[in-house]
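**Student:**
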Amino acid sequence: MNIVLGISGGIAAYKTPELVRRLRERGADVQIVMTASAEEFVTPTSLQAVSGRPIRSNLWDKEAEAAMSHIELARWADLVLIAPATAEIMARLASGGAPDLLTTLCLATEAPIAIAPAMNRVMWANPAVQANRKTLEKRGMQILGPDHGSQACGETGAGRMLDPDVIADAVCSPEFAGASADGVLAGKTVLVTAGPTREPIDPVRYITNRSSGKMGYAIAAAAHALGARVILISGPVSLQEPRGADVVHVETAEEMHAATHERIADVDIFIAAAAVSDYRPSEASAQKIKKTKDTMTLELVRSPDILASVAALDDAPFTVGFAAETENVREYALGKLVNKNLDMIVANRVGADCGFDYDDNAAEVLWSGGEKAFDKMPKSELAAGLMDLIAARFFATRGAETQPALSIVSIKE
Ligand code: PMT
26 MNIVLGISGG IAAYKTPELV RRLRERGADV QIVMTASAEE FVTPTSLQAV SGRPIRSNLW
86 DKEAEAAMSH IELARWADLV LIAPATAEIM ARLASGGAPD LLTTLCLATE APIAIAPAMN
146 RVMWANPAVQ ANRKTLEKRG MQILGPDHGS QACGETGAGR MLDPDVIADA VCSPEFAGAS
206 ADGVLAGKTV LVTAGPTREP IDPVRYITNR SSGKMGYAIA AAAHALGARV ILISGPVSLQ
266 EPRGADVVHV ETAEEMHAAT HERIADVDIF IAAAAVSDYR PSEASAQKIK KTKDTMTLEL
326 VRSPDILASV AALDDAPFTV GFAAETENVR EYALGKLVNK NLDMIVANRV GADCGFDYDD
386 NAAEVLWSGG EKAFDKMPKS ELAAGLMDLI AARFFATRGA ETQPALSIVS IKE
């Protein structure tokens with residue numbers, strides 16, 4: 026998980042090197058963003074040492090912005106955690122002001138934001154602070170704490186920042202990342218391929234297709250929401266990585282094939298949503314091809330069929346293919362189900378008005394002995410419905426002993 030840790034200026038900032046260590050122990054990459062007043066309480070040097078990354082604090086730092094702009098940072102984050110969060114930063118967040126890097130980043134991010142308030146007990150009880158807390162909660166921010174106990178000012182009451190271990194446990198838990206620890210796929214691994222591939226012709230040209238990756242990314246997010254560990258092997262797309270998925274970026278069909286087989290051993294469910302190029306140029310020219318003739322012929326050779334090769338493994342995972350067709354959708358999909366020896370196929374029509382790149386999709390799902398149709402709906406909703414169905418079929422065919430209590434869609438067999 027990529028965590029932007031925002032540190033605002035309160036005495037509890039002295040605990041943040043410890044917090045960074047606890048987050049990193051749990052596998053998080055931590056990028057620190059400090060407010061100017063935070064630097065009065067803890068030094069950027071110590072924080073840089075424990076986080077292993079240069080500290081960001083100034084929105085106008087040209088060098089730092091050139092390396093990773095505040096917008097890129099906002100996109101990079103799977104979570105923005107502000108600890109300690111002072112009364113001042115809570116007020117700025119509630120008002121939507123963006124006078125510095127941290128508050129600007131909070132406005133620019135689509136990642137969830139969690140704050141760990143820390144302040145004197147009277148300040149915490151102040152109606153203005155409590156009104157800001159309520160506003161932030163209403164907008165979906167997670168408020169962690171504060172704790173009750175003795176305070177740096179000598180008083181006792183509610184306002185201490187939670188212990189770094191408690192904060193780290195909370196934000197690194199699967200529930201926090203949107204996964205359900207008791208979801209039906211908890212303990213299972215789902216591998217999803219998504220997006221197009223690019224097959225180079227020469228250093229400046231390639232063969233590709235119209236896939237945006239939206240369908241596959243939505244499936245990865247839906248699998249994660251059911252509690253699965255998710256590996257997403259993605260062709261080149263311009264989407265934000267779904268939270269909670271280990272994303273592997275590839276370009277060509279051969280790279281996608283290799284990346285899949287490197288990771289397939291422990292996979293329980295494989296879902297091939299990628300639009301893989303069936304053919305690639307037999308040779309990619311090392312130099313840009315010059316236009317010397319009126320016509321030119323490209324020799325194409327077949328790319329490896331990733332889906333068929335996974336389904337053919339001795340201990341193949343539950344294998345789900347997609348069929349993208351412009352005509353005879355059902356018939357062609359049934360052919361792929363049988364010929365590639367799949368457990369299930371998701372047939373969708375593609376064309377000028379549907380399928381690739383659209384935010385909505387409709388699908389017909391087929392398996393041996395059953396089928397289910399999904400009307401046109403947002404790809405995120407379709408993905409959730411598909412994952413419920415896939416989980417149900419997975420448990421129905423791969424052993425009842427691993428099946429948790431399922432409360433999912435009824436299936437027409
Ligand atoms: O990415 P979006 O813009 O959101 O669009 C979604 C989608 C239309 C791409 C998606 O819903 C979809 O249908 N994906 C599969 C596209 C495709 O390549 O279909 P196909 O019928 O050509 O291939 C059949 C299956 O074999 C697919 O599961 C494909 O991933 C797989 N395949 C194909 C060729 C190959 N060399 N290796 C493969 O694994």
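Numbering of the sequence shown is given in our numbering, commencing with residue 26 and proceeding in unit increments.
Quick reminder that beta carbons are idealized off the backbone N, C-alpha and C, glycines included.
Here the structure is a predicted model, which means the values were calculated and not measured.
(1) Thinking C-beta only, is LEU216 closer than 8 Å to PHE295?
(2) What do you reckon, is the C-beta of ILE232 under 7 Å from a heavy atom of the ligand PMT?
(3) Please report the distance separating the alpha-carbon of ASP291 from that of LYS239.
(4) Identify every run of the alpha helix (DSSP H) within the region 124 to 160, keeping only runs that are complete inside it and at least 4 residues long; order them along the chain.
(5) By Cβ distance, which residues of its chain are closer than 6 Å to ILE32, with the 5 residues on each side in sequence left out?
(6) Between the alpha carbons of ILE314 and ASP227, how many angstroms are there, rounded?
(7) Identify, in the order they occur along the chain, each residue of the same chain with its Cβ nearer than 6 Å to the Cβ of SER449, setting aside the five sequence neighbours on each side.
(8) Could you check if PHE420 is buried or exposed, using at least 16 other CB atoms within 10 Å of its CB as the buried criterion?
(9) Please give the ranges of any beta strand (DSSP E) in the region 273 to 339, keeping only runs that are unbroken, at least 3 residues long and fully inside the region.
(10) Return the CA-CA distance between VAL105 and ALA377, expressed in angstroms with no decimal places.
(11) When the Cα atoms are used, what is the spatial distance from GLY260 to LEU251?
(12) Can you name the residues that DSSP bridges to GLY395?
(13) Give, in chain order, every unbroken run of the alpha helix (DSSP H) that is at least 4 residues long and sits entirely within the region 41 to 127.
(14) If we count the other Cβ atoms within 10 Å of its Cβ and call it buried at 16 or more, is ARG223 buried or exposed?
(15) First and last residue of the beta strand (DSSP E) that includes VAL217?
(16) Where LEU84 and ASP188 are concerned, what is the direct C-alpha to C-alpha distance, given to the nearest angstrom?
(17) Can you say whether GLU266 is buried or exposed, counting buried as having 16 or more other CB atoms within 10 angstroms of its CB?
(18) Report the residue from LYS318, LEU257, PHE201 whose alpha carbon sits nearest the alpha carbon of THR214.
(19) I'd like the span of the alpha helix (DSSP H) that includes GLU356, first residue to last.
(20) Let me check one thing: in DSSP terms, what residues is SER259 bridge-paired to?
(21) Would you list the one or two residues that DSSP bridges to ILE232?
(22) ILE107 to THR129, Cα distance in whole Å?
(23) Around the Cβ of GLY380, are there at least 16 other Cβ atoms within 10 angstroms (buried) or fewer (exposed)?
(24) Taking 7 Å as the cut-off, is the CB of GLY346 close to at least one heavy atom of the ligand PMT?
(25) Tell me whether CYS131 is buried or exposed, calling it buried when 16 or more other Cβ atoms sit within 10 Å of its Cβ.
(26) Please classify GLY184 as buried or exposed, where buried requires at least 16 neighbouring CB atoms within 10 angstroms.
(27) Around the C-beta of SER175, are 16 or more other C-beta atoms found within 10 angstroms, so that it is buried, or is it exposed?
(28) Below 6 Å CB to CB, which residues in the same chain sit around ALA211 once its five sequence neighbours on both sides are set aside?
(29) Would you say the beta carbon of ILE168 comes nearer than 7 Å to a heavy atom of the ligand PMT?
(30) If ALA408 sits next to VAL345, beta carbons under 8 Å apart, how far is it from one beta carbon to the other, in whole angstroms?
(31) Taking the Cβ atom as the reference point for each residue, do ILE36 and ALA177 lie within a distance shorter than 8 Å?
(32) Cβ-heavy atom distance between SER259 and the ligand PMT below 7 Å?
(33) Considering only the alpha carbon of each residue, which of ALA387, CYS197, GLY360, ILE28 lies closest to ASN373?
(34) Report the option in MET402, ILE370, GLU406 whose CA atom is closest to the CA atom of ILE415.
(35) Is there contact here, the region 109 to 129 with the region 156 to 174, by at least three beta-carbon pairs under 8 Å?
(36) Please state the DSSP three-state secondary structure of THR351.
**Tutor:** The relevant details are as follows:
(1) Counting from 1 along the sequence shown, the entry for residue 295 is found at position 270. Counting from 1 along the sequence shown, the entry for residue 216 is found at position 191. Yes, Cβ-Cβ distance for PHE295 and LEU216 is below 8 Å.
(2) Taking the sequence shown and counting its residues from 1, one reaches residue 232 at position 207. Not one heavy atom of the ligand PMT is found less than 7 Å from the C-beta of ILE232.
(3) Numbered from 1 along the sequence shown, position 266 holds the residue referred to as residue 291. Numbered from 1 along the sequence shown, position 214 holds the residue referred to as residue 239. Taking the straight line joining both Cα atoms gives about 25 Å.
(4) 126 to 133, 146 to 150
(5) In the sequence shown, the residue the question calls residue 32 occupies position 7. Same-chain partners within the cutoff: ALA38, THR41, MET59, ALA63.
(6) Stepping through the sequence shown from its first residue, residue 314 is reached at position 289. Stepping through the sequence shown from its first residue, residue 227 is reached at position 202. Cα-Cα distance, rounded: 7 Å.
(7) The question about residue 449 has no answer, for the chain in this structure spans 26 to 438.
(8) Here the question's residue 420 lines up with position 395 in the sequence shown. It is buried - the Cβ of PHE420 has at least 16 other Cβ atoms within 10 Å.
(9) 294 to 297, 304 to 306, 325 to 327
(10) Residue mapping note: residue 105 aligns to position 80 of the sequence shown, counting from 1. Residue mapping note: residue 377 aligns to position 352 of the sequence shown, counting from 1. For VAL105 and ALA377, the distance between alpha carbons rounds to 39 Å.
(11) As a position in the sequence shown, residue 260 is number 235, starting the count at 1. As a position in the sequence shown, residue 251 is number 226, starting the count at 1. When rounded, the distance between both Cα atoms is 24 Å.
(12) In the sequence shown, the residue the question calls residue 395 occupies position 370. DSSP, once it has assigned bridges, lists TRP392 as partnering GLY395.
(13) 41 to 50, 69 to 76, 87 to 92, 95 to 101, 112 to 120
(14) Position 198 of the sequence shown, counted from the start, is the residue given in the question as residue 223. Around the Cβ of ARG223, a 10 Å sphere holds 16 or more other Cβ atoms; the residue is buried.
(15) For the purposes of this step, residue 217 is identified with residue 192 of the sequence shown, where counting begins at 1. Per DSSP, VAL217 belongs to the beta strand (DSSP E) from 214 to 219.
(16) Residue numbering aside, residue 84 sits at position 59 when the sequence shown is read from its first letter. Residue numbering aside, residue 188 sits at position 163 when the sequence shown is read from its first letter. Their backbone Cα atoms lie some 29 Å apart in a straight line.
(17) Along the sequence shown, read from residue 1 onward, the residue named residue 266 stands at position 241. Burial call: buried.
(18) One-based indexing of the sequence shown puts residue 214 at position 189. Of the candidates LYS318, LEU257, PHE201, the one whose C-alpha sits nearest the C-alpha of THR214 is LEU257.
(19) Residue numbering aside, residue 356 sits at position 331 when the sequence shown is read from its first letter. Note, GLU356: alpha helix (DSSP H), 354 to 364.
(20) By 1-based counting over the sequence shown, the position of residue 259 is 234. SER259 is bridged to ALA219, HIS274.
(21) In the sequence shown, counting from the first residue as 1, residue 232 sits at position 207. BP columns for ILE232 point to GLU224.
(22) On the sequence shown, residue 107 is found 82 positions in, with the first residue counted as 1. On the sequence shown, residue 129 is found 104 positions in, with the first residue counted as 1. Taking the straight line joining both Cα atoms gives about 13 Å.
(23) By one-based count along the sequence shown, residue 380 stands at place 355. GLY380 counts as buried, since no fewer than 16 other beta carbons sit within 10 angstroms of its beta carbon.
(24) Working through the sequence shown from its first residue, we reach residue 346 at position 321. Yes; taking the cut-off as 7 Å, the Cβ of GLY346 has a heavy atom of the ligand PMT nearer than that.
(25) Numbered from its first residue, the sequence shown carries residue 131 at position 106. Buried, by the Cβ-count rule.
(26) For this step, residue 184 is matched to residue 159 along the sequence shown. Buried, by the Cβ-count rule.
(27) The residue you call residue 175 lines up with position 150 of the sequence shown. With fewer than 16 Cβ atoms within 10 Å of its Cβ, SER175 is classed as exposed.
(28) Position 186 of the sequence shown, counted from the first residue, corresponds to residue 211. Closer than 6 Å at Cβ, skipping near neighbours: GLY252.
(29) Within the sequence shown, numbered from 1, the residue matching residue 168 stands at position 143. Not under cutoff, so the answer is no.
(30) By one-based count along the sequence shown, residue 408 stands at place 383. By one-based count along the sequence shown, residue 345 stands at place 320. Their Cβ separation, rounded to whole angstroms, is 12 Å, which puts ALA408 and VAL345 out of contact at 8 Å.
(31) For the purposes of this step, residue 36 is taken as residue 11 along the sequence shown, with counting starting at 1. For the purposes of this step, residue 177 is taken as residue 152 along the sequence shown, with counting starting at 1. Taking 8 Å as the Cβ cut-off, ILE36 and ALA177 qualify as a contacting pair.
(32) Along the sequence shown, one-based indexing puts residue 259 at 234. No - the ligand PMT has no heavy atom lying nearer than 7 Å to the Cβ of SER259.
(33) Here the question's residue 373 lines up with position 348 in the sequence shown. Of the candidates ALA387, CYS197, GLY360, ILE28, the one whose C-alpha sits nearest the C-alpha of ASN373 is ALA387.
(34) By one-based count along the sequence shown, residue 415 stands at place 390. Selected option, being the one with the closest Cα: ILE370.
(35) yes
(36) Looking up residue 351 in the sequence shown gives position 326. Looking at THR351 - three-state DSSP - the assignment turns out to be coil, as it is neither helix nor strand.
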